[in-house]
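Undergrad: Provided herewith is a single structure, encoded as structure tokens, for subsequent inquiry.
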Amino acid sequence: MARPLFRHESSLRHETGSHPERADRMVAIERELEARDWCGFEPRDSPEATDEQLLAVHPRPHVERIRALARSGGGRIDADTIVSAGSWDAAVHGAGGAVAVVDALLSGEADRAASLHRPPGHHCETAEPMGFCLFNNVAIAARHAVLVHGLRRVLVLDWDVHHGNGTAEIFAGSGDVLFTSIHEFPLYPGTGRPTETGHGPGEGLTVNLPVPGGTGDSTWVGMVEHVVAPIARDWAPELVLVSAGYDAHADDPLAGCEVTDDGFARIAEATHRLATELGVPLGLVLEGGYDVDALARSVARTLEAWSQDPAARTAAEPVPEDDVVRRAREFFAPRWPSLAPATG
Numbered sequence: 021m022a023r024p025l026f027r028h029e030s031s032l033r034h035e036t037g038s039h040p041e042r043a044d045r046m047v048a049i050e051r052e053l054e055a056r057d058w059c060g061f062e063p064r065d066s067p068e069a070t071d072e073q074l075l076a077v078h079p080r081p082h083v084e085r086i087r088a089l090a091r092s093g094g095g096r097i098d099a100d101t102i103v104s105a106g107s108w109d110a111a112v113h114g115a116g117g118a119v120a121v122v123d124a125l126l127s128g129e130a131d132r133a134a135s136l137h138r139p140p141g142h143h144c145e146t147a148e149p150m151g152f153c154l155f156n157n158v159a160i161a162a163r164h165a166v167l168v169h170g171l172r173r174v175l176v177l178d179w180d181v182h183h184g185n186g187t188a189e190i191f192a193g194s195g196d197v198l199f200t201s202i203h204e205f206p207l208y209p210g211t212g213r214p215t216e217t218g219h220g221p222g223e224g225l226t227v228n229l230p231v232p233g234g235t236g237d238s239t240w241v242g243m244v245e246h247v248v249a250p251i252a253r254d255w256a257p258e259l260v261l262v263s264a265g266y267d268a269h270a271d272d273p274l275a276g277c278e279v280t281d282d283g284f285a286r287i288a289e290a291t292h293r294l295a296t297e298l299g300v301p302l303g304l305v306l307e308g309g310y311d312v313d314a315l316a317r318s319v320a321r322t323l324e325a326w327s328q329d330p331a332a333r334t335a336a337e338p339v340p341e342d343d344v345v346r347r348a349r350e351f352f353a354p355r356w357p358s359l360a361p362a363t364g
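Those letters in the sequence shown? Residues 21 to 364, by the numbering used here.
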């Protein structure tokens, strides 16, 4: 079965100068993947997202603001978020790549797919670009899965070190998207407490899993194995999408966590096993990661893990629960039965 990897050279035209979110990120990733024969994935050019796909998440004034700013030569939306003349092209291909992941997965063409673009997207709220992000690519992809493919249960796992406040805000009132986020706290953007659980039809479907600075592989892998996976079994999603940021890496300059290359491989293996167990497709949408070498290696380790046959690979022993993971299980156990401690 094919494993498409959607990318586009327009990612290099989103010009940000010496900003941490810079074109060197994509250059390093593609160089690393080419050296590893694309890690079992097939590189393809991404399509542009249509206005209809963008407008399923973002209101027209938001979309037109980005389009007009790029056409005028660019400028700053805020201190962190830049638009250049090439940013519109980069952003619509980024959103289009995420939609293409969903189409490939839900058409039956692929069981695993990835979209590697910049700028990232998970900080962008319904009507507010922020945090380096212009459109929320993973949200556009998840909404596409619901509206076009008719899915009723989509799981989004965000393992970027910064809380995916935009994705959380977009789906806070939605009953068809379960948003889970593992992130350092306190850290930008200051959201992501466990008590932020959604509202209305989405009550309980936002699962924030904050971790303190300095946490490494055991905590991050443990959150996936001991918290996200049991919740996913209860939720029974029809599709799993990962907002894959790599700024929890020990070498990353913008945060304080200590995840290693091996740690990201273990996280990827855990999500790969989970999707296989659930019998659902698994897609990746790139978010952050600002040490370009660590980013490139970690993306490659993720894709290599997703290219393995889980049945032919001996799974690593689950990591023990540490106190951070145990507290998360206890907090969310009243909502998710699989987190409750065994009795008898």
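From the three backbone atoms N, C-alpha and C, an ideal C-beta is built for every residue, glycine too.
Taking the C-alpha atoms as reference points, what is the distance between leucine 261 and aspartate 313?
TA: The alpha-carbon atoms of leucine 261 and aspartate 313 are separated by roughly 24 angstroms.
Undergrad: Going along the chain, which residues of its own chain have a beta-carbon closer than 6 angstroms to the beta-carbon of leucine 198, five neighbours each way excluded?
TA: These residues qualify, in order along the chain: Leu175, Leu225 and Trp255.
Undergrad: Residues in the same chain with beta-carbon distance under 7 angstroms from glutamate 35, minus the five sequence neighbours each way, listed in chain order, please.
TA: Excluding residues within five positions, the ones whose Cβ falls inside 7 angstroms are Ser104 and Gly106.
Undergrad: Which whole-angstrom value is the C-beta distance of serine 327 and arginine 56, which I expect to be below 8 angstroms?
TA: Their Cβ separation, rounded to whole angstroms, is 10 angstroms, which puts serine 327 and arginine 56 out of contact at 8 angstroms.
Undergrad: Between the beta-carbon of leucine 359 and the beta-carbon of valine 247, is there less than 8 angstroms?
TA: Contact flag set, yes.
Undergrad: Would you call the CB atoms of alanine 290 and valine 279 closer than 8 angstroms?
TA: No, Cβ-Cβ distance for alanine 290 and valine 279 is not below 8 angstroms.
Undergrad: Can you look up glutamate 129 in the DSSP assignment and give me helix, strand or coil?
TA: Glutamate 129 falls in the coil class under three-state DSSP.
Undergrad: Distance check for cysteine 59 and methionine 150, CA to CA, integer angstroms please.
TA: Cα-Cα distance, rounded: 32 angstroms.
Undergrad: Are the stretch 132 to 141 and the stretch 292 to 311 touching, with three or more C-beta to C-beta distances below 8 angstroms?
TA: Cβ pair count under 8 angstroms is three or more, so yes.
Undergrad: Among the residues of its own chain, which have a CB less than 6 angstroms from the CB of glycine 186, if the five just before and after it don't count?
TA: Closer than 6 angstroms at Cβ, skipping near neighbours: His142, His143, Cys144, Glu145 and Asn156.
Undergrad: Would you check if the distance between the CB atom of phenylalanine 26 and the CB atom of glycine 117 is smaller than 8 angstroms?
TA: Contact flag set, yes.
Undergrad: The alpha helix (DSSP H) that contains leucine 167, what's its start and end?
TA: Segment 157 to 167, the alpha helix (DSSP H) holding leucine 167.
Undergrad: Tell me which same chain residues have a C-beta within less than 7 angstroms of the C-beta of valine 339, skipping the five on either side of it?
TA: Excluding positions up to five away in sequence, the list reads Ser238, Val241, Gly242 and Glu245.
Undergrad: Looking at C-alpha atoms only, which residue of Gly210, Val158, Thr101 and Pro221 is the closest neighbour of proline 40?
TA: Out of Gly210, Val158, Thr101 and Pro221, Thr101 has the C-alpha closest to the C-alpha of proline 40.
Undergrad: Report the partner residues of aspartate 65 according to the DSSP bridge assignment.
TA: Answer by DSSP bridge pairing, in chain order: Arg27.
Undergrad: What residues in its chain sit with their C-beta under 8 angstroms from that of aspartate 71, if we drop five residues either side in the sequence?
TA: Within the same chain, aspartate 71 has close Cβ partners Val83.
Undergrad: Can you tell me the Cβ-Cβ gap for proline 221 and serine 194, rounded? I've got them flagged as a contact below 8 angstroms.
TA: Between serine 194 and proline 221 the Cβ distance is about 6 angstroms, and since that is below 8 angstroms, they are a contact.
Undergrad: What's the gap between the Cα of isoleucine 251 and the Cα of tryptophan 356?
TA: Approximately 6 angstroms between the Cα atoms of the pair.
Undergrad: Strictly by DSSP, which residues pair up with cysteine 153?
TA: DSSP lists Met150 as partners of cysteine 153.
Undergrad: Could you tell me if proline 81 is buried or exposed, where buried requires 16 or more neighbouring beta carbons within 10 angstroms of its beta carbon?
TA: By the 10 Å Cβ count, proline 81 comes out exposed.
Undergrad: Report buried or exposed for methionine 46, applying the criterion of at least 16 other Cβ atoms within 10 angstroms of its Cβ.
TA: Burial call: buried.
Undergrad: For a minimum of 4 consecutive residues, which ranges assigned as the alpha helix (DSSP H) are wholly contained in the stretch 41 to 105?
TA: The qualifying runs are 44 to 55, 71 to 75 and 80 to 91.
Undergrad: Enumerate, from N- to C-terminal direction, the unbroken beta strand (DSSP E) stretches of 3 or more residues contained entirely within the stretch 200 to 254.
TA: Qualifying beta strand (DSSP E) stretches, in chain order: 226 to 231.
Undergrad: Apart from the five residues just before and just after arginine 51, which ones in its own chain have a Cβ nearer than 8 angstroms to its Cβ?
TA: Taken in chain order, the residues that qualify are Ala316.
Undergrad: What whole-angstrom Cβ distance do valine 158 and serine 263 have, given they're in contact under 8 angstroms?
TA: Contact holds; Cβ gap of about 5 angstroms.
Undergrad: What residue range is occupied by the uninterrupted alpha helix (DSSP H) comprising serine 327?
TA: Note, serine 327: alpha helix (DSSP H), 312 to 327.
Undergrad: Going by CA-CA distance only, name the one from Trp108, Ala99 and Pro79 that's closest to glycine 93.
TA: Residue Trp108 is the option with its Cα nearest to glycine 93.
Undergrad: Have a look at alanine 110 and alanine 88 and give me their C-alpha separation to the nearest angstrom.
TA: Roughly 14 angstroms separates the two Cα atoms.
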